[in-house]
Amino acid sequence: MTNRAKNSTLKAVLEVILYDNPATQDEIADKLGLTRRYVTKLLQPMIKEGVVRRAYILDLKKFDEFSEMFDEEKTSREHAGTFLIKDMLRDMAKHICRQFDMSFEALSQYDAEMAEEALKLDYISNNMHEKIRSSVETVISINPYSEFSKTMIMGEVGYDLERIADHTCHIANFALHESDPISEEMREILKSMYKTSRKMVNQSMESFLDERLELKDKVMDYEEKIHELQRKALNNIATQMAEDDVMDKDRSNYYLSLSRVVKAFERIGDISIEIIDTSGEFYRNIPRTTTPERFRRMNL
127 MTNRAKNSTL
137 KAVLEVILYD
147 NPATQDEIAD
157 KLGLTRRYVT
167 KLLQPMIKEG
177 VVRRAYILDL
187 KKFDEFSEMF
197 DEEKTSREHA
207 GTFLIKDMLR
217 DMAKHICRQF
227 DMSFEALSQY
237 DAEMAEEALK
247 LDYISNNMHE
257 KIRSSVETVI
267 SINPYSEFSK
277 TMIMGEVGYD
287 LERIADHTCH
297 IANFALHESD
307 PISEEMREIL
317 KSMYKTSRKM
327 VNQSMESFLD
337 ERLELKDKVM
347 DYEEKIHELQ
357 RKALNNIATQ
367 MAEDDVMDKD
377 RSNYYLSLSR
387 VVKAFERIGD
397 ISIEIIDTSG
407 EFYRNIPRTT
417 TPERFRRMNL
């Protein structure tokens, strides 16, 4: 077994100890589908140095001294509790990007079956957010030496990701419930909005997870583009409505749903900006403004 695979298994063992409070190594082994002998082998050096105490508690302060063994570069504001939660955030971001991709593909192809699969992924997104939320509470309760505000920020980013997942559901729901085709011009605008907001999600999370604060300028440039595209999309919808000969209840609902899709891309971009601002506070203690990003734009 490679060191990377071994360390990945050890991380899983430590997560069980931290969040499930097992009484024996047998419980840990059963939870992860490992042999008790292998669990003992993994934990032996950690127990010897007092990182793990029987039965079974993870000393987060001592773990700080050992976390470098996972061959991952720690960022400037990272300590043991957030080290483990960051892995959860990274996994959640990957999952939500998959949900986003599937939702847009369902919209592009008018694939109702794919849209249903994308909506099912939202249940997993909600569960991942709940795990992060409870993990933040656990770390704060057992790790009083940690910086409270820094740990709380981890929970905020998890909530932001869950909000992004909710907005992708508007995209999937359009594909599931609306049968009228989208015009070619409108389809191209939505495609550009998708690509732009997807980049914003990726780079905002890269900024937070890897301390890449220099990405903020690029994300802000994407923000200008997404709002320009939003205006273009809403003008396109208004023109279609004015030219539509049949404006019954179904057609009105169609345009309303299409407007929600446009708004979903814009809100995903706004949340990405919030994550970027969170990165500045987390790593550099740069206070975030209390004014929501969309209201800041109105004052420019």
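Sequential numbering of the sequence shown, starting at 127, is according to this note's numbering.
From the three backbone atoms N, C-alpha and C, an ideal C-beta is built for every residue, glycine too.
Remember, it's a predicted structure, so these values are computed and weren't measured experimentally.
Where residue i and residue j are concerned, what is the direct C-alpha to C-alpha distance, given to the nearest angstrom?
i: residue 211; j: residue 368; result: 51 Å
i: residue 316; j: residue 307; result: 13 Å
i: residue 410; j: residue 399; result: 16 Å
i: residue 236; j: residue 160; result: 44 Å
i: residue 344; j: residue 320; result: 16 Å
i: residue 413; j: residue 371; result: 52 Å
i: residue 328; j: residue 362; result: 28 Å
i: residue 135; j: residue 376; result: 53 Å
i: residue 234; j: residue 155; result: 45 Å
i: residue 286; j: residue 397; result: 6 Å
i: residue 264; j: residue 353; result: 39 Å
i: residue 408; j: residue 337; result: 9 Å
i: residue 339; j: residue 243; result: 34 Å
i: residue 221; j: residue 266; result: 26 Å
i: residue 383; j: residue 305; result: 11 Å
i: residue 223; j: residue 230; result: 11 Å
i: residue 378; j: residue 403; result: 37 Å
i: residue 238; j: residue 359; result: 23 Å
i: residue 225; j: residue 175; result: 42 Å
i: residue 140; j: residue 167; result: 13 Å
i: residue 374; j: residue 256; result: 42 Å
i: residue 365; j: residue 381; result: 11 Å
i: residue 150; j: residue 172; result: 15 Å
i: residue 348; j: residue 280; result: 24 Å
i: residue 169; j: residue 133; result: 11 Å
i: residue 314; j: residue 350; result: 18 Å
i: residue 148; j: residue 245; result: 34 Å
Just to confirm, is the Cβ distance from residue i to residue j under 7 Å?
i: residue 309; j: residue 405; result: no
i: residue 401; j: residue 330; result: yes
i: residue 312; j: residue 395; result: no
i: residue 232; j: residue 291; result: no
i: residue 152; j: residue 163; result: no
i: residue 293; j: residue 393; result: yes
i: residue 341; j: residue 216; result: no
i: residue 296; j: residue 390; result: yes
i: residue 258; j: residue 284; result: yes
i: residue 355; j: residue 385; result: no
i: residue 300; j: residue 387; result: yes
For the alpha helix (DSSP H) that contains residue i, what are its first and last residues?
i: residue 393; result: 375-410
i: residue 161; result: It is not in any alpha helix (DSSP H) - residue 161 carries neither H nor E in the DSSP assignment.
i: residue 150; result: Note, residue 150: premise wrong, no alpha helix (DSSP H); not H, not E.
i: residue 341; result: No alpha helix (DSSP H) holds residue 341; DSSP gives it neither H nor E.
i: residue 304; result: Residue 304 -> no alpha helix (DSSP H), and no H or E assigned at all.
i: residue 320; result: 310-336
Can you give the beta carbon distance from residue i to residue j, rounded, assuming they're within the 8 Å contact cut?
i: residue 218; j: residue 240; result: That belief does not hold up - the Cβ atoms of residue 218 and residue 240 are roughly 21 Å apart, past 8 Å.
i: residue 247; j: residue 228; result: 7 Å
i: residue 146; j: residue 157; result: 7 Å
i: residue 143; j: residue 178; result: 6 Å
i: residue 214; j: residue 260; result: Between residue 260 and residue 214 the Cβ distance is about 10 Å, and since that is not below 8 Å, they are no contact.
i: residue 288; j: residue 252; result: 7 Å
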